[in-house]
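A.B. asks: If you scroll down you'll find the structure; I have some questions about it.
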Amino acid sequence: IARALATEPQLLALDEPAAGMNATETGQLKQLIEQIRNDGITVMLIEHDVKLVMGLCDRVAVLDFGSKIAEDVPAVVQK
């Protein structure tokens, strides 16, 4: 993540950044991503950790074997 941020991107794509992390590490990752967003960088997050996704993202798209089955704000997708 640090190496990507060094290039001063407008968009940061993160593919499974929480994979293998425990709850404490995932919480720290969430704080880092929130800070990146607060710095004006758009973050595209690909992640299986639903709790992290729902607590962090403005919009969520859900894929099932490559087909989009839902897309909306987290509260709507969660239903």
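Taking the working numbering, the leading residue of the sequence shown gets 15, the next gets one more, and so forth. Glycine is no exception: its CB is placed at the ideal position from the N, C-alpha and C atoms. Note that the structure is predicted; figures quoted are calculated from it, not measured.
Could you work out which residue in L46, R73, M68 is closest to V87 when comparing CA atoms only?
C.D. replies: Considering only alpha carbons, the answer is R73.
A.B. asks: On the criterion of 16 or more Cβ atoms from any shown chain inside 10 Å, does A32 qualify as buried, or is it exposed?
C.D. replies: With 16 or more Cβ atoms within 10 Å of its Cβ, A32 is classed as buried.
A.B. asks: So is L66 buried or exposed if we call it buried at 16+ other beta carbons inside 10 Å?
C.D. replies: That one is buried.
A.B. asks: Use the C-beta contact count for E22: other C-beta atoms within 10 angstroms, 16 or more gives buried, fewer gives exposed.
C.D. replies: With fewer than 16 Cβ atoms within 10 Å of its Cβ, E22 is classed as exposed.
A.B. asks: Do you know how far the Cα of E61 is from the Cα of M35?
C.D. replies: If you take the alpha carbons of M35 and E61, they lie about 12 Å apart.
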